[in-house]
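Report on the following structure.
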Amino acid sequence: MSDVVERTLSALPGLLGQQDPGAGPGGGPGRVSATSRLGGLIRSITALSSKHEEEKLIQQEQTNLKATVSAPTTTLRLMKECMVRLIYCEMLGYESSFGYIHAIKLAQQGNLLEKRVGYLAVSLFLHENHELLLLLVNTVVKDLQSTNLVEVCMALTVVSQIFPREMIPAVLPLIEDKLQHSKEIIRRKAVQALYKFYLIAPNQVQHIHDKFRKALCDRDVGVMAASLHIYLQMIKKNASGYKDLTESFVSILKQVVGGKLPIDFNYHSVPAPWLQIQLLRILGLLGKDDPRTSELMYDVLDESLRRAEINHNITYGLKALTYVIQQDPNLALQHQMTIIECLDHPDPIIKRETLELLYRITNGQNVTVIVQKMLDYLRQSKEEYTIINLTGKIAELVEKYAPDNEWFIQTMNAVFSVGGDVMHPDIPNNFLRLLAEGFDDEKEDEELRLYAVQSYLSLLEEEDTFYPQKFLQVMSWVLGEYSYLINDGDPEVIITRLHRLLKQTFVTSETKAWIMTAVTKMSSRMSCSKTVDKLIQEFSTSLDTCMRQYAFELKHLCENKELMKNLFPLDASCDEIMVDASLSFLDGFVAEGLSCGAAPYKPHHQRQEEKLSQEKALNFEPYGLSFTSNMSSSGFTGRQSPAGLSLGSDMSGNSAELGQKETNCLKLDGVRKLWGKEGYLPKKENKTGKEDKTQPVPQDSILTAHVVDPPLMQSEQQVVSLSEEEKEKQQLASTLFVGLGSNSTISLMGRADIITQKLKKKSKISETQNSEEASSFQNIATLPFSPLPDTTPNNKENFQGNEHLGLRKISLSSSEVLEASVSFETSQSVTEVGLDEQLSNCRLSTSSLFADSNIEVFQPPQNVPDIVANKAPLSLCLPEELAGHPHSEIVELCSSDILTVYWCKVWTDDCSRLVLFVANNSTSPLKTVNLVFESAEHFKIFESLSCHFPVIEAQSMESCQKCVQLEKVCTEGVLSGSISYHLDTDTHLEFSLTFSLSDFIRPMKMTTEDFGRLWLSFSNDVKQNLKMSPSQGSLSIALNALKQKLKLHIVEIIGNEGIAACRLLPSVPCLLHCRTHARTLALWFRSSCSALPDSLLYQCQKVMEEA
Amino acid sequence: MIKFFLMVNKQGQTRLSRYYEHVEIHKRTMLEAEVIKNCLSRSKEQCSFIEYKDFKLVYRQYAALFIVVGINETENEMAVYELIHNFVEVLDRYFSRVEKWYVMLNDQEVNDNSHYHLTKTNTHLSFFFQSELDVSFPIMFNLDRVHIILDEMVLNGCIVETNKNRILAPLFVLDKMAES
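These protein sequence lines are chains A and B, in that order. Start counting the first sequence at 3; every next residue gets the next number (the numbering used here). Start counting the second sequence at 8; every next residue gets the next number (the numbering used here).
Put into C-alpha cells, the structure is as follows:
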C-alpha cells in the first residue's frame, strides 16, 4: 500500500499543481491544493499505518481546527475547507462537536458552494434530535424564500434530510407553495421534504393529502416518482384507503415499461428500473389479499416480467426465480441446469438461496432428493438462524410429502439430531401430535408408531451417544406411549435404556421429567420390574427434589396397579378427559371432615392474605401464573418439567402449598378438556388427509423414471453426448424437477389435484396446531403426575383461559381458507387468490425469508417524550416546589416578536404538571394576557382551562402551571390552546403540545407477595410476544429499558422471568409479567382498567423497537 | 431501506461514509471495520450480498475500493447493487466532464469482479480504478462533492433519483457559480 501511495503522491504535484494556483475562489473539483491544509490531511491519512498514528494525527488536526474555526479572521472559504477536514475527523471516528456550530454558521453566511458544504456538514454531524438543529431553522426559512433556485434547492434538500419535528409548521406553508413551482427540481424536492415530514410527523401533513395526489399526477416523472415514496408508506399503513389509485399506478408502470419515459431515465437500456421496482412494491401491497384489485395488474405484470431480463448475478436470478416460480413452475424447468450448478456453488449464500428455491418446487415426487440436499446443507451449517430456518422447512416438507413411514421417521430423526435445541419448538410438537392423532388407517398408524419405537430403541442402544434434549424428549414420549406395540421386545430392556439416560449428566432435569413419565407409563403395563424398583430406590434419595417427587409418586402408583392402569390407559393420549369441575365426588369427604371439626375451606387469595399478614416468611407462591402461560405457542418450553419447580417445596410438607400445586394441575386439565372437545375438528381433517398422503407412495419410483416433462426431454435430446458429470447433473435435475410444469400435470392429472387438496387440509392443521399443540404437548408430559383434583379455588380462571383459546381458534380458522389457497403448489390449479398472494410476495416479501423485520425501526422515533426544540433562555427555571422533580427540557412553544411561550412537563409523583412560561420580549408591559386551553378528549386540566396574567412587565416573565390528567387512556394525545394579548392590536397565538401515556405512568412499589395478590384480582389482561434483537439480549436489559422509558418499578427478576408494576395517575395499577425465551419476550399485562394493558403494551413495543 | 453507504479501501480505511439512521460515532468505526472484514473475506466468485446481523450488505469492488451498502430486508438487493454502479457511473461522468485527469491515464479495462459485465462505454471508469493509483484519491480530494452527489441520489435511505443528468445538474450549477 505505502508503495502505491508514494507513487500516487509523486504524481500528484504534477496533476494538482497545474490546475491549482493556490486554490482559486470556490474551486472546482480537484482544486484542493496538495499543499493546502486539506491536502496535507489527506496525504497524512493515506500514509497512516497504525491506529496510534491516526490518533495522533487527528488530535493534532483537531487542535488546529479548533483554533482556526474560532478565530475571527477565518474567511468563509477557509471555513468551508475546515468543514471538510472536520468531516474527515468524524469519518475516522473522532467526534468533533466543537465545529458543529460553525457548520450551521457556514450554512447561514456562506455563498453558494460554501452554504452547500455547511448544510452538508450539518446533515452529517447532527442527528435528528440534536439541539443545535433549531438554529438551522431560520436559515432554512430564509433560503426557502430566496429568489436563487440553487439556494431553495439546498434548503429543500437539507429539510428532507434532517429537520426538527416541532418546527415543521414554520416551513410547511413555504414548502407547500413550492409544489406549484415551475421548475421540476423544486417540485420534486418539495415532495421529498414532505415525505420526510410524513415520516417524522404524519399528522402534520394530513391536510395536504390531495396535494400528494397532484404530485402523483405531475407532468414530470421525477416529481411523480418522489411522491411514490409517500404513497408506499401510506399504503403500507392502510392499503384499503388507496385502492382507487391502483389503476393510476398500473398505467404509470405501463408507461415506464413501455419505454415512454425520456431516454435519460434508462439505465443500461432498461427503462427506469428503480422506478419499476417501487411501483411493483406498491402494486404488491394494493393487490395483497384482493383478487379484484389484482386483476387490474395482471397485464402489466406480465409485460414487466417479459421485458425483465434475468440478470447475470446468480443470486438475483435465483431470487427472481424463487418468486416467479410460484407463478409458473415451468420457468424452473427452463433453468434447471443453472439451479443444479448453484447447488454446488462454493458460496454458501447462493447454496441457501438455491435450497429456498427448491423448497418452493417440492412435491410428492422430488421430496426425498430435495430434503436430502437440505439435510446435507444443514449438517455443514453452524449458524443458528440457518438451522432454525431450514429445520422448519424440512419438517414442513416431510410432513406434507413423506412417501413412507420409514423415510418420515428417519428424516425427522435427522432433523431432531441436527436441529437440536435451537429448532422451533413447534417441530417436535407437531411431530408428536401427528404420531398421536394418527390418520384414518389404524393399521398404518400402528406401523408408523412401531417404526418410530424401533428406530429410537436402536438409537438408544449405543451408549454415550449425545442427543439433543428435544430429541430425547420426543424419544421418551414415544417410547412411553407406544412401546407396547413391540410384541417380541422385553419392556425391561427399554426401561433399562431409559434408566441409563437418567444417569447421564448431559440430560437436563426437564428431559429427565419426560423420561420419568415414560418409565411411569411403561411400568403401568408391567406387573413388576426390577429396574423400576431400582430406579425408585435410587431417586427416592435424589438431591433433585423433582426427581425425588417423581420417584415417590411412581412408588405409590406401583403399589396400586389397578389405579395405575386407570390412570395410564393404552394409547389414550388423544382421548378426552372429563373433569368433574365441581368436584362433587368429594362432597361426602368434605362433609365428614367438617363434622369432625376441620376448618372450612378458604379461598386461595384469602389464605394468601392471611399468610402475608402473618409473617415475612419466604414465599414460595409463584403468584400463580407462570405455569399457565403455555397457551402461547412459543412460550412453553422450559415449562414441561411439570410444575416440578414449585413441587419441590411441597415435599417439605407445607400443606398450604398443596392447593397451589393442585391448581396447576387442574389448569392443565381444563385446557386439555377444551382442546379435546373443540379441537377435535382438525383431527378429523387429518384423517381424511391421510388417504391422499399414502397414495403417491407406490407411484413415486415409476414416475421419477418415466414421467419426464417434454421440456426436460428436449434438453436431454439436445445434449446427446454428455460427459459423465453432466449426466449426473441431468439425472439430479430429473429427480428434482419431476412433477413440475403443465405437461406433467396432464399425465398426473388426478394426482396433482390430490396434492393440492391435501395441502389445503394440511395447512389448516398446522394453523390450529400452533395454538393448541403447546397445551396438548404439555399435557401429555405432565398428566400422569397430576393428582386427582380435590379443590378448585381457581376453577373460574381456567374457564376464562379456555374461552380465550377458543376465541383464538375462531380467528385462526377464518384465515385458514386464505392461507390454504396460498400454498405454492406446483400444479397449474393455482387459484386467483393464490396468484394474487404470490404477486405481493414477488417483490415485497423478502420478509418471508428474513422474517420479522420492520421498517419502522429505521424511522426516527416519533414518540420521544423529551422533545428537543428551541432552547429556552437559561434564566428559565422551575418554581421551587417543582425543582426537585424530573422534568422535560424547557422548550419554546410559540412566539411572536412581543412574546414567547416556553413549556415543559414536570413529572411529580401525583400528577403530570404542565409548566408554561410567558416571556415579554418587548420594552413595554403587556396587559391582559390570556392563555386558554381547548378542552381535550383524553385529558383533563385541573383547576381551570385558562390562565390569566393581568400584566407582564417589559422584559420579564410569568409562569403558570396546570395539572394534567389522563381521562381516557390513549397512547398519545394533543393538547391545544392559544394565547392572546393586547398591544396596539389584539394578537392571538395558537399552540399545541403532546402528552403521551408514559407521561402519566409512575412506578408502583410493591413486594412480590403484593404483586401476586393483586395479579389474581385483576381481570383485564393482554398478552403478547415480542421479538428481541440480539442487542437487547437478556431479560434484565429489556426490563431496564422498559423501566427507564416507561417508569416501571421492577419488583423482582428470577432467571428468565420478571415482574414489574406501575400505576396510571392517580392510582390505577397495572402489572407486568415478562419472560424471555429464545429471543422472544413474552409480555403479560394485567390491570383493573380495561384499556390500560393494551396501551401500555403498545408503549412497550415502541420502546423495544427503539432500543 | 438503505441504512448506510460506505466507501472503504482494501486496508479497511473509510473513504466516505453516510448513515441514514443515527449511529454513535464510536460505533461507526467498529461497524465499518466489521463490514469491510466481511467483504474482504469473500472471493470474487462469491455473490455480492452478505447477510450480516439483522441486515444485509450489498457490495461492489472497484480495484482496491469497496463500495458497501447496508440495507434492511425491505430493500431490494439487486436495486442497490445496480445503484452502486449507477453511482460510480455518475462520479465518472462528473469527474470526466470537469477533470482532465483521465485523459492522462490509459483506457485500461475495469477490474471486473466477474459478476457483472461493464459495457464498452464504461471503460473510462478506469480513471478511478487504475490499479496504479489509490483509487480513492479523487474521491478524497472531493469528498464534499461526492457527498453532494450521493445526497441527490439517496435521501432518508430511499433511492430518490437515478437519472444521471438530474443527479448532476445541481452540482454543475454550483461549480459554475463558484467558478465565475
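All residues carry an ideal CB built from backbone N, CA and C; glycine is no exception. Computed from a predicted structure; not experimentally measured.
What did DSSP end up calling serine 98 of chain A once you bin it into helix, strand or coil? For the purposes of this step, residue 98 of chain A is taken as the residue at position 96 of the first sequence. It is coil, neither helix nor strand.
Would you kindly report the start and end of the unbroken alpha helix (DSSP H) that includes aspartate 442 of chain A? Working through the first sequence from its first residue, we reach residue 442 of chain A at position 440. No alpha helix (DSSP H) holds aspartate 442 of chain A; DSSP gives it neither H nor E.
With a 10 Å radius around its C-beta and 16 neighbouring C-beta atoms as the bar for buried, classify arginine 167 of chain A as buried or exposed. Position 165 of the first sequence, counting from 1, holds the residue named residue 167 of chain A. Under this definition arginine 167 of chain A is a buried residue.
Please name the residue in A:Leu281, A:Ala553, A:Leu176 and A:Cys906 whose C-alpha comes closest to that of valine 966 of chain A. If you number the first sequence from 1, residue 966 of chain A lands on position 964. Comparing Cα positions, the closest option is A:Cys906.
Sequence-distant residues of the same chain with beta carbon closer than 6 Å to glutamine 194 of chain A, five excluded per side: What you label residue 194 of chain A is simply residue 192 of the first sequence in a count that begins at 1. Excluding residues within five positions, the ones whose Cβ falls inside 6 Å are Ser162 and Ala228.
Limits of the unbroken alpha helix (DSSP H) element including phenylalanine 214 of chain A: Here the question's residue 214 of chain A lines up with position 212 in the first sequence. Element bounds for phenylalanine 214 of chain A: 211 to 218.
Compare the beta carbon distance of lysine 144 of chain A and leucine 181 of chain A with 8 Å and say whether it is the shorter of the two. The sequence position of residue 144 of chain A within the first sequence is 142, counting from 1. The sequence position of residue 181 of chain A within the first sequence is 179, counting from 1. For lysine 144 of chain A and leucine 181 of chain A, no; Cβs fall outside 8 Å.
Which chain B residues sit within Cβ distance under 7 Å of lysine 198 of chain A? Residue mapping note: residue 198 of chain A aligns to position 196 of the first sequence, counting from 1. Asn163, listed in chain order.
Would alanine 217 of chain A pass as a contact of lysine 290 of chain A if the rule is Cβ separation under 8 Å? One-based indexing of the first sequence puts residue 217 of chain A at position 215. One-based indexing of the first sequence puts residue 290 of chain A at position 288. In this structure, lysine 290 of chain A does not lie closer than 8 Å to alanine 217 of chain A by Cβ.
Should glycine 260 of chain A be flagged as near chain B, meaning a C-beta pair shorter than 8 Å? Walking along the first sequence from the start, residue 260 of chain A turns up at place 258. False, the Cβ-Cβ gap to chain B never drops below 8 Å.
Which class does tyrosine 26 of chain B belong to by DSSP, given the choice of helix, strand or coil? Position 19 of the second sequence, counted from the start, is the residue given in the question as residue 26 of chain B. If DSSP states are grouped into helix, strand and coil, tyrosine 26 of chain B belongs with the strands.
Return the residue from the list B:Asn163, B:Cys54 and B:Lys17 that minimises the CA-CA distance to glutamate 84 of chain B. The count along the second sequence starts at 1 and reaches residue 84 of chain B at position 77. Nearest option by C-alpha distance: B:Cys54.
Could you give the C-beta distance for leucine 115 of chain A and leucine 181 of chain B, rounded to a whole number, given that I count them as a contact under 8 Å? Counted from its first residue, the first sequence places residue 115 of chain A at position 113. Counted from its first residue, the second sequence places residue 181 of chain B at position 174. About 5 Å; that satisfies the 8 Å criterion.
Taking Cβ-Cβ distances shorter than 7 Å, what residues in chain A pair up with aspartate 151 of chain B? Numbered from its first residue, the second sequence carries residue 151 of chain B at position 144. By Cβ distance, chain A contributes Val86, Val119 and Leu122.
Taking only beta carbons into account, state which residues of the segment 148 to 168 of chain A come closer than 7 Å to chain B, listed in chain order. Val152, Cys155, Thr159, Ser162 and Gln163
Integer Cβ distance of lysine 1047 of chain A from serine 1089 of chain A, believed to fall under 8 Å: Residue mapping note: residue 1047 of chain A aligns to position 1045 of the first sequence, counting from 1. Residue mapping note: residue 1089 of chain A aligns to position 1087 of the first sequence, counting from 1. With 8 Å as the limit, lysine 1047 of chain A and serine 1089 of chain A do not qualify as a contact, their Cβ atoms being about 18 Å apart.
So is cysteine 54 of chain B in contact with chain A if we call contact Cβ pairs under 8 Å? Within the second sequence, residue 54 of chain B is the residue found at index 47, counting from 1. So, interface residue.
Straight-line CA distance for leucine 287 of chain A to isoleucine 166 of chain B? Here residue 287 of chain A is taken as the residue at index 285 of the first sequence, counted from 1. Here residue 166 of chain B is taken as the residue at index 159 of the second sequence, counted from 1. Cα to Cα, the separation comes out at about 19 Å.
Does the count of Cβ pairs from the segment 447 to 462 of chain A and the segment 486 to 500 of chain A closer than 8 Å reach three? yes
Only counting the same chain, and skipping five residues up and downstream in sequence, which positions put a Cβ closer than 7 Å to that of serine 1024 of chain A? Position 1022 of the first sequence holds residue 1024 of chain A. At residue 1024 of chain A the sequence reads valine, which differs from the serine that was named. Excluding sequence neighbours, valine 1024 of chain A sits near Phe1087, Pro1095, Asp1096 and Leu1099.
In its own chain, which residues sit with a C-beta less than 8 Å from the C-beta of histidine 154 of chain B, not counting the 5 before and 5 after it? Locating residue 154 of chain B in the second sequence gives position 147, counting from the first residue. For histidine 154 of chain B, where only same-chain residues beyond five positions count, the Cβ hits under 8 Å are Leu23 and Arg25.
Three or more beta-carbon pairs under 8 Å between the segment 547 to 558 of chain A and the segment 522 to 537 of chain A, yes or no? yes
Could you tell me the alpha carbon to alpha carbon distance between aspartate 255 of chain B and leucine 122 of chain A, rounded to whole angstroms? There is no way to answer for residue 255 of chain B, as the model of chain B reaches only from 8 to 187.
Spatial neighbours of glutamate 1054 of chain A within its chain, please: C-beta separation below 6 Å, excluding the five flanking residues on both sides. Taking the first sequence and counting its residues from 1, the one referred to as residue 1054 of chain A is at position 1052. So the qualifying residues of the chain are Thr1010 and Ile1061.
For a test of the three-state rule: what should DSSP assign to valine 167 of chain B, helix, strand or coil? Taking the first residue of the second sequence as position 1, residue 167 of chain B is located at position 160. DSSP places valine 167 of chain B in coil when its eight states are reduced to three.
Using 10 angstroms around the beta-carbon of cysteine 949 of chain A, count the other beta-carbons present and answer buried if the total reaches 16, otherwise exposed. Locating residue 949 of chain A in the first sequence gives position 947, where the first residue counts as 1. Counting Cβ neighbours within 10 Å, cysteine 949 of chain A comes out buried, since at least 16 surround it.
Pairwise C-alpha distance: leucine 128 of chain A and methionine 14 of chain B: Walking along the second sequence from the start, residue 14 of chain B turns up at place 7. Walking along the first sequence from the start, residue 128 of chain A turns up at place 126. The alpha-carbon atoms of methionine 14 of chain B and leucine 128 of chain A are separated by roughly 21 Å.
Roughly how many angstroms lie between the CA atoms of aspartate 582 of chain A and aspartate 589 of chain A, to the nearest whole one? By 1-based counting over the first sequence, the position of residue 582 of chain A is 580. By 1-based counting over the first sequence, the position of residue 589 of chain A is 587. Cα to Cα, aspartate 582 of chain A sits roughly 12 Å from aspartate 589 of chain A.
Does leucine 38 of chain B come within less than 8 Å of chain A when only Cβ atoms are used? The residue labelled residue 38 of chain B in the question sits at position 31 within the second sequence. For leucine 38 of chain B, the answer is no, since every Cβ of chain A falls outside 8 Å of its Cβ.
Please report the distance separating the alpha-carbon of methionine 184 of chain B from that of glycine 101 of chain A. Here the question's residue 184 of chain B lines up with position 177 in the second sequence. Here the question's residue 101 of chain A lines up with position 99 in the first sequence. Cα to Cα, the separation comes out at about 26 Å.
Quick check on DSSP: helix, strand or coil for asparagine 172 of chain B? Locating residue 172 of chain B in the second sequence gives position 165, where the first residue counts as 1. Residue state, collapsed to three classes: helix.
Against chain B, does methionine 93 of chain A count as a neighbour if the rule is that its beta carbon must be under 8 Å from one of theirs? As a position in the first sequence, residue 93 of chain A is number 91, starting the count at 1. Yes, methionine 93 of chain A counts as interfacial toward chain B.
Determine the chain A residues that contact phenylalanine 12 of chain B at a beta-carbon separation under 8 Å, and present them in chain order. Residue 12 of chain B sits at position 5 when you count from the first residue of the second sequence. Near phenylalanine 12 of chain B there are no residues of chain A at all, since even the closest Cβ is about 12 Å away, more than 8 Å.
With DSSP run on the structure shown, which of helix, strand or coil describes threonine 848 of chain A? Within the first sequence, numbered from 1, the residue matching residue 848 of chain A stands at position 846. Residue placement at threonine 848 of chain A is poorly supported in this model, since its pLDDT is 36, which falls under 50; the coordinates still yield a value, given next. Here threonine 848 of chain A sits in helix by DSSP.
Taking the straight line between their C-alpha atoms, what separation do you get for phenylalanine 56 of chain B and leucine 255 of chain A? Here residue 56 of chain B corresponds to residue number 49 of the second sequence, with the count starting at 1. Here residue 255 of chain A corresponds to residue number 253 of the first sequence, with the count starting at 1. About 28 Å.
Excluding the five sequence neighbours on either side, which residues of its own chain have a C-beta within less than 6 Å of the C-beta of histidine 501 of chain A, listed in chain order? Counting from 1 along the first sequence, the entry for residue 501 of chain A is found at position 499. Cβ within range, chain order: Thr533 and Leu537.
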